[in-house]
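**Q** The following block contains the structure, expressed as structure tokens.
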Amino acid sequence: MMATGLWIPVLILAVIFLAATFVYTNLWNNYFSNPVLLIIPALAVVCLLLIRVKMGGKSWGGAWAFSAGTIALCTLFGVIGLYPNLIPSSLNPAWSLTVSNSSSSALTLKIMLGVALVFVPVVIIYQALVYRAFSYKITEEHLKEEAY
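Just so we're aligned: 939 in this note's numbering is position 11 of the sequence shown, and the numbers increase by one with no gaps anywhere.
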């Protein structure tokens, strides 16, 4: 099977990725300054190993779930490693876009919080109503009732 054959190259690429981020970037600085965060890359590696276990047991749903977990944890690894920088500058660290210098003003954030608190429930209620309206099968009797 192709998936089991590609697992070893993916594992090798993951090891190369982790080594390259250690050598060429500052992503590991936040992890070494706060060692409890090392659980994130450790869980990513565990998820990657469990993909192979689930594929061996023909549990494709489990393999998919651990694959999704690996992707999410690798993304989280990068986000935590970059913090507080969002986009680091290669020319001058002072020019980096950070969480604090890239956010909107306090007033804008308060307004958007209010908008989100009002409209997200409206959208959820609308989706529930539409789902309920279209949740039954259309029969021939329904079509005859609506015939023009």
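In this text, a Cβ means the ideal position worked out from N, Cα and C, and glycines have one as well.
If you're wondering where the values come from, they're calculated on a predicted model, not measured in any experiment.
With residue 957 as the anchor, note down where its alpha helix (DSSP H) starts and where it stops.
**A** Taking the first residue of the sequence shown as position 1, residue 957 is located at position 29. That run of the alpha helix (DSSP H) goes 957–961.
**Q** Would you say residue 942 and residue 983 are within 8 Å of each other, going by their C-beta atoms?
**A** Here residue 942 is taken as the residue at index 14 of the sequence shown, counted from 1. Here residue 983 is taken as the residue at index 55 of the sequence shown, counted from 1. Cβ distance not < 8 Å, so residue 942 and residue 983 don't count as in contact.
**Q** Output the distance between the C-alpha atoms of residue 1026 and residue 958, rounded to the nearest integer angstrom.
**A** Within the sequence shown, residue 1026 is the residue found at index 98, counting from 1. Within the sequence shown, residue 958 is the residue found at index 30, counting from 1. Distance between the alpha carbons of residue 1026 and residue 958 is about 15 Å.
**Q** Between the alpha carbons of residue 1041 and residue 1035, how many angstroms are there, rounded?
**A** Here residue 1041 corresponds to residue number 113 of the sequence shown, with the count starting at 1. Here residue 1035 corresponds to residue number 107 of the sequence shown, with the count starting at 1. If you take the alpha carbons of residue 1041 and residue 1035, they lie about 10 Å apart.
**Q** Within the same chain, show all residues whose beta-carbon is closer than 8 Å to that of residue 956, passing over the 5 residues directly before and after it, in chain order.
**A** Here the question's residue 956 lines up with position 28 in the sequence shown. Excluding sequence neighbours, residue 956 sits near 949, 950 and 1009.
**Q** With DSSP collapsed to three states, give me the class of residue 1025.
**A** Within the sequence shown, residue 1025 is the residue found at index 97, counting from 1. Reduced to three states, the DSSP call for residue 1025 is strand.
**Q** Identify whether residue 1066 lies in helix, strand or coil by the three-state DSSP scheme.
**A** As a position in the sequence shown, residue 1066 is number 138, starting the count at 1. Residue 1066: coil per DSSP, three-state reduction.
**Q** What first and last residue would you give for the alpha helix (DSSP H) that runs through residue 1001?
**A** Numbered from 1 along the sequence shown, position 73 holds the residue referred to as residue 1001. Per DSSP, residue 1001 belongs to the alpha helix (DSSP H) from 988–1010.
**Q** With C-beta atoms as the reference, is residue 994 less than 8 Å away from residue 979?
**A** Translated into the one-based positions of the sequence shown, residue 994 becomes position 66. Translated into the one-based positions of the sequence shown, residue 979 becomes position 51. Result yes, Cβ atoms of residue 994 and residue 979 sit closer than 8 Å.
**Q** DSSP three-state call for residue 1019: helix, strand or coil?
**A** For the purposes of this step, residue 1019 is taken as the residue at position 91 of the sequence shown. Coil at residue 1019, not helix or strand.
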